[in-house]
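Engineer: Protein chains in written order, with our numbering: chain A, 23 to 441; chain B, 23 to 441.
There are 2 protein chains.
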Amino acid sequence: MNKRGGGSSRPGPLLSPVGAARQQSLRTHNLALVLRAVVEAPGPLTRARIAGALGLTRSTASDLVDRLIAARLVDELEPELVGRAGRPGMLLAPHRGGVAGLGLEIQVDHLAVRVTALDGSSLGEAREAGDHRASDPAVVARSLGRLAAQVVTQLPAQIELAGACVSVPALLRSGSGIVALAPNLAWSGVDLVALLCEQPGLRALPIELGNDADLSARAEARARAVAGGTAREEQSFLYIAGEVGIGGAIVVDGEPARGQHGWSGEIGHTVIDRSGPRCACGATGCLEQYAGLDVIRRRSGLSLETTVDQLLDRERRSIRVRRSLEWASAAIGVAVATTLNLVDVERVVLGGVYARLFDHLAPGIEREVRSRVLAARWAPVEVVAALAGPDSAATGAGWRVLDGVVADPARWIAGHSHP
Amino acid sequence: MNKRGGGSSRPGPLLSPVGAARQQSLRTHNLALVLRAVVEAPGPLTRARIAGALGLTRSTASDLVDRLIAARLVDELEPELVGRAGRPGMLLAPHRGGVAGLGLEIQVDHLAVRVTALDGSSLGEAREAGDHRASDPAVVARSLGRLAAQVVTQLPAQIELAGACVSVPALLRSGSGIVALAPNLAWSGVDLVALLCEQPGLRALPIELGNDADLSARAEARARAVAGGTAREEQSFLYIAGEVGIGGAIVVDGEPARGQHGWSGEIGHTVIDRSGPRCACGATGCLEQYAGLDVIRRRSGLSLETTVDQLLDRERRSIRVRRSLEWASAAIGVAVATTLNLVDVERVVLGGVYARLFDHLAPGIEREVRSRVLAARWAPVEVVAALAGPDSAATGAGWRVLDGVVADPARWIAGHSHP
DNA sequence: CACGTTTGTTCACCCATTGACCTTATCGGT
DNA sequence: ACCGATAAGGTCAATGGGTGAACAAACGTG
Chain A
23 MNKRGGGSSR
33 PGPLLSPVGA
43 ARQQSLRTHN
53 LALVLRAVVE
63 APGPLTRARI
73 AGALGLTRST
83 ASDLVDRLIA
93 ARLVDELEPE
103 LVGRAGRPGM
113 LLAPHRGGVA
123 GLGLEIQVDH
133 LAVRVTALDG
143 SSLGEAREAG
153 DHRASDPAVV
163 ARSLGRLAAQ
173 VVTQLPAQIE
183 LAGACVSVPA
193 LLRSGSGIVA
203 LAPNLAWSGV
213 DLVALLCEQP
223 GLRALPIELG
233 NDADLSARAE
243 ARARAVAGGT
253 AREEQSFLYI
263 AGEVGIGGAI
273 VVDGEPARGQ
283 HGWSGEIGHT
293 VIDRSGPRCA
303 CGATGCLEQY
313 AGLDVIRRRS
323 GLSLETTVDQ
333 LLDRERRSIR
343 VRRSLEWASA
353 AIGVAVATTL
363 NLVDVERVVL
373 GGVYARLFDH
383 LAPGIEREVR
393 SRVLAARWAP
403 VEVVAALAGP
413 DSAATGAGWR
423 VLDGVVADPA
433 RWIAGHSHP
Chain B
23 MNKRGGGSSR
33 PGPLLSPVGA
43 ARQQSLRTHN
53 LALVLRAVVE
63 APGPLTRARI
73 AGALGLTRST
83 ASDLVDRLIA
93 ARLVDELEPE
103 LVGRAGRPGM
113 LLAPHRGGVA
123 GLGLEIQVDH
133 LAVRVTALDG
143 SSLGEAREAG
153 DHRASDPAVV
163 ARSLGRLAAQ
173 VVTQLPAQIE
183 LAGACVSVPA
193 LLRSGSGIVA
203 LAPNLAWSGV
213 DLVALLCEQP
223 GLRALPIELG
233 NDADLSARAE
243 ARARAVAGGT
253 AREEQSFLYI
263 AGEVGIGGAI
273 VVDGEPARGQ
283 HGWSGEIGHT
293 VIDRSGPRCA
303 CGATGCLEQY
313 AGLDVIRRRS
323 GLSLETTVDQ
333 LLDRERRSIR
343 VRRSLEWASA
353 AIGVAVATTL
363 NLVDVERVVL
373 GGVYARLFDH
383 LAPGIEREVR
393 SRVLAARWAP
403 VEVVAALAGP
413 DSAATGAGWR
423 VLDGVVADPA
433 RWIAGHSHP
């Protein structure tokens, strides 16, 4: 009944390794390729440049582009103004008036909604503070539905939402729309998609769930691509979402690796010292007990209500705060080093509150990484602060929806040309 | 001059995500798909069954199969004997008389060579003990070349070697044929492919290098597939190669994840206790210092020359040996738990000497995993001993070569139909 | 203004899959 | 022994979709 979780294919190998390639798979594949090139393009594109980049003939590329324009997935702008000989090409860009993705975010201390267009622009957003520790899922779902309805009703008429994706700080039962365990919300076994489907603002929209760190990492990958980092190495990194809990995601070629059940990247429970302090997860010596935000506050001698701004302010005067950050950074460094030895990427992105504490954490992390990562000698590890702005999980959730369309524009076209 | 390392494409997405799909890509892709189905088939296959499994029409599947038969990649056996109505199908199997892969293995205490046919059978093998700690790469290359020549010259005449792959316990500079660092051989910056190319037995053969844990894991995946584990979950596991050093590989869908440079899976340098004993890598508290074979020997009060058989023998009487194994197993458990939290697979395969010590290690590992892996409640982790036989790295290396052919049979056919 | 250059478009051609139809081979029932 | 039913393998014209050559359009240069 309420099952509308599935439906979106991941943008990996477009011709799935199990299913055979039919002849129409060719066009399916190439359409996706062209659309992806337009969406992820660092600079301006033309039909000819697409053909060159993908190895298609100009005729084929042109044909595919025309189909995407007809489907309002790609927009044709003015002719390129060039200082060289030859006919100027027509500039192409992702269409910002057609399809869009609805991103919803549930966090411990707030809810957020953002509608993202194919060109990456935000078509509408909303935010609502609130304490969701030990909350009632039904109540939270209702609040989120209201917030989403606010945003959706104000969208321009031509916008078509391809679906919604909800970021949850939790382990999810993949595909089912069920939250297996959200420690900080104290939810377990909650059928969140079913709850959200009943909200007036979200009817008739396919809804899926996503892990907050995964989705933030996705937004981060996109942000770095826009900033010019489209190279494969730049699109591979370890993302760390530092909050009260510590989440993580391993991003390879712009796509977070989800693992067998979608539970990978739980860097917060990397062991720093097996005889260390007991963790809420039941184990001992987990990173979270060294570098979680509440632990940093406690070791700094500050109350748990202290904001990050206040923490940064105190840091200038209090040696205790400095010590506490150093202590945390060394632990993060150990966990990062362990992780990099296991997954071999050469870039670490600090997100969440860690992005704001970056200047105080990076040196300690780098020190541990230099001495503990085997490969650091040949491929120096870079530690950087996240680029993605606030509510990055909501942004990433919107992208997640759009990625479903980008990965298979043929299906989107088929579903909308004759409705 | 000596550059013949490259040339083999990895068997992931067959239509590469960057290059566009041309119309001949269709056949390339489908040929690979059919051949892969035949090679990885758990049971007997016929043309019709292939068509059904892959979603091709019987005519297309039949056409593709005929091409593979002509290229001597697939063998047509006798008709299937069936108890049902209808014409019996012709049974298909990977050809064992055509293409083969030459697998070479360099280990601290021995060299090994094995030629593997498409059906997984060994067409020839050799082994030579020897201590290669702090050895001269040129000398080792010469020995290995001799050993390979022995095996190759005795192959049946119809066998065509598609290439050679060398397993090295080392970090490799991917694509270049250079060993960046092999701690236990005391090699660094060695152009091993160049050295091997000069050996008489290996002329005119493309040679590539591979990490020993990666290649053993590949052999393990194949062994499990033959044993009936072709399901995606069964083909995803964490492989641990326990020897003096501890290597590892994260296998997803039968393919070891290599990471950005091919250095992933270094589980031996997972941190157990950051203030633990100093490791050869420069860091402190690495798993190797708790569970490396030499450490187990030392803590057992045995000399470094003690064999595993002797160790197992002593275990029955000496409480000190038992304690030492328990100590090691707890540390392995911590490292495994950390790894599983990061990469989310639900199966751990103990290889190398750990396979032989399995009964003494598994309980301790399982105990730590149960209490430290977040997801263990929903997806119980299974710890099993490796199935792949001795010299599994050489077997895996042979498979690595064959995988290059299986991933793109069209290229193999093109290169051999009109030589 | 003629020429070279590059882009976008058109169209006949070619390649690989498709699906209908046929043949072959076995089993079950009469 | 014969006749359907069932299923596998093969044949061939049709179709879908990329290819490449040719051409027109639009811009710089001399």
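We put the beta carbon where it would ideally sit given N, CA and C, even for glycine.
In this text the structure is predicted, and so the values were computed from the model without any measurement.
So with CB distances below 9 Å, who are the chain A contacts of B:Asp366?
Structural biologist: Result: Ala279, Arg280, Gly281, Gln282, His283, Gly284, Trp285, Ser286, Gly287, Glu288.
Engineer: Got a sec, what are the start and stop residues for the beta strand (DSSP E) A:His132 sits in?
Structural biologist: First-last of the beta strand (DSSP E) with A:His132: 132-139.
Engineer: Between A:Leu67 and chain B, is the shortest Cβ-Cβ distance under 7 Å, so that the two count as touching?
Structural biologist: No, because no Cβ of chain B sits closer than 7 Å to the Cβ of A:Leu67.
Engineer: How far does the alpha helix (DSSP H) with A:Pro385 in it reach, from first residue to last?
Structural biologist: Its alpha helix (DSSP H) spans residues 380-394.
Engineer: Please report the straight-line C-alpha distance between A:Val215 and A:Gly142, rounded to a whole angstrom.
Structural biologist: Each residue's Cα considered, the two are about 25 Å apart.
Engineer: Along the chain, where does the alpha helix (DSSP H) containing A:Trp421 start, and where does it finish?
Structural biologist: A:Trp421 -> alpha helix (DSSP H) spans 414-429.
Engineer: CA-CA distance, B:Arg399 and B:Ala192?
Structural biologist: Using only the alpha carbons, I get a separation of about 36 Å.
Engineer: Cutting at 7 Å between CB atoms, please list the residues of its own chain near A:Glu348, excluding the five before and the five after it.
Structural biologist: Counting only Cβ-Cβ distances below 7 Å, and skipping sequence neighbours, we find Gly386.
Engineer: Using C-beta distances below 7 Å, list every residue in its chain close to A:Ala139, excluding the 5 sequence neighbours before and after it, in chain order.
Structural biologist: Counting only Cβ-Cβ distances below 7 Å, and skipping sequence neighbours, we find Arg118, Ala122, Leu145.
Engineer: Closest to B:Arg280 by C-alpha separation, out of B:Leu99, B:Asp236, B:Val212, B:Pro222, would be which residue?
Structural biologist: Measuring from the Cα of B:Arg280, the nearest candidate turns out to be B:Asp236.
Engineer: Which runs of the alpha helix (DSSP H) at least 4 residues long sit entirely within the segment 69-93 of chain B? Give them in chain order.
Structural biologist: Listed in chain order, the complete alpha helix (DSSP H) runs (minimum 4 residues) inside the segment 69-93 of chain B are 69-76, 80-92.
Engineer: Determine whether the Cβ of B:Arg80 lies closer than 7 Å to any Cβ atom of chain A.
Structural biologist: No, its Cβ sits nowhere closer than 7 Å to a Cβ of chain A.
Engineer: Which residues does DSSP pair with A:Thr306 in a beta bridge?
Structural biologist: DSSP output for A:Thr306 lists A:Arg300 as bridge partner(s).
Engineer: Please go through the same chain and pick out, in chain order, the residues whose beta-carbon is closer than 6 Å to the beta-carbon of B:Lys25, but skip the five residues on each side of it.
Structural biologist: The predicted position of B:Lys25 is uncertain, since its pLDDT is 32 and thus under 50; no value can be drawn from it.
Engineer: Tell me whether the beta-carbon of A:Arg240 lies closer than 7 Å to the beta-carbon of A:Gly418.
Structural biologist: Cβ atoms of A:Arg240 and A:Gly418: closer than 7 Å.
Engineer: Could you give the C-beta distance for B:Ala134 and B:Glu242, rounded to a whole number, given that I count them as a contact under 8 Å?
Structural biologist: Between B:Glu242 and B:Ala134 the Cβ distance is about 16 Å, and since that is not below 8 Å, they are no contact.
Engineer: In angstroms, rounded to a whole number, what distance separates the CA positions of A:Pro431 and A:Ala263?
Structural biologist: Cα to Cα, A:Pro431 sits roughly 31 Å from A:Ala263.
Engineer: Rounded to the nearest angstrom, what separates A:Ile341 and A:Thr306 at their Cα positions?
Structural biologist: Spanning the two alpha carbons is a distance of roughly 28 Å.
Engineer: So, helix, strand or coil for B:Gly123, using DSSP?
Structural biologist: Strand at B:Gly123.
Engineer: Do A:Asp213 and A:Ile200 count as a contact pair if the criterion is CB distance below 7 Å?
Structural biologist: Yes, they are a contact pair.
Engineer: So who's on the other strand from B:Leu193, going by DSSP bridges?
Structural biologist: B:Leu203.
Engineer: Please confirm whether B:Leu396 has its beta-carbon closer than 7 Å to some beta-carbon of chain A.
Structural biologist: Yes, contact with chain A.
Engineer: In angstroms, rounded to a whole number, what distance separates the CA positions of B:Ser238 and B:Val403?
Structural biologist: Looking at the two C-alpha atoms, the distance is approximately 21 Å.
Engineer: Are the beta-carbon atoms of B:Val358 and B:Val391 separated by less than 7 Å?
Structural biologist: Result yes, Cβ atoms of B:Val358 and B:Val391 sit closer than 7 Å.
Engineer: Would you mind sorting B:Gly437 into buried or exposed? The rule is 16 or more other CB atoms within 10 Å of its CB.
Structural biologist: Burial call: exposed.
Engineer: List the endpoints of the continuous beta strand (DSSP E) containing B:Trp400.
Structural biologist: Element bounds for B:Trp400: n/a, residue is neither H nor E.
Engineer: Do A:Leu126 and A:Leu166 have their beta-carbon atoms positioned less than 7 Å apart in this structure?
Structural biologist: The answer is yes: Cβ separation under 7 Å.
Engineer: Identify each residue in the segment 314-340 of chain A for which the Cβ-Cβ distance to at least one residue of chain B is less than 7 Å, and report them in chain order.
Structural biologist: The segment 314-340 of chain A vs chain B, Cβ under 7 Å: nothing.
Engineer: Mind the definition here: the segment 306-324 of chain A touches the segment 288-297 of chain A only if three or more C-beta pairs lie below 8 Å; say whether that holds.
Structural biologist: Touching, per the Cβ criterion.
Engineer: Please report how far the alpha carbon of B:Arg80 lies from the alpha carbon of B:Ala115, in whole angstroms.
Structural biologist: In a straight line, the C-alpha of B:Arg80 is about 18 Å away from that of B:Ala115.
Engineer: Let me make sure I understand the geometry here. Which of B:Ala156, B:Ala42, B:Ala170 has the alpha-carbon closest to that of B:Glu149?
Structural biologist: Sequence inspection shows Arg at residue 149 of chain B; the Glu mentioned does not correspond to that position. Out of B:Ala156, B:Ala42, B:Ala170, B:Ala170 has the C-alpha closest to the C-alpha of B:Arg149.
Engineer: Taking DSSP as the reference, what is the three-state secondary structure of A:Gly264?
Structural biologist: Strand, per DSSP.
Engineer: Following the continuous alpha helix (DSSP H) through A:Glu348, name the residue where it begins and the one where it ends.
Structural biologist: Unbroken alpha helix (DSSP H) run through A:Glu348: 341-365.
Engineer: Starting from A:Pro159, follow the alpha helix (DSSP H) in both directions and report where the run begins and ends.
Structural biologist: Segment 159-175, the alpha helix (DSSP H) holding A:Pro159.
Engineer: Would you tell me roughly how many angstroms separate the C-alpha atoms of B:Val401 and B:Ala156, rounded to the nearest one?
Structural biologist: The residue asked about is misnamed: residue 401 of chain B is Ala in this sequence, not Val. Distance between the alpha carbons of B:Ala401 and B:Ala156: 44 Å.
Engineer: Between which two residues does the beta strand (DSSP E) harbouring B:Ile318 extend?
Structural biologist: B:Ile318 -> not in any beta strand (DSSP E); alpha helix (DSSP H) instead, spanning 315-321.
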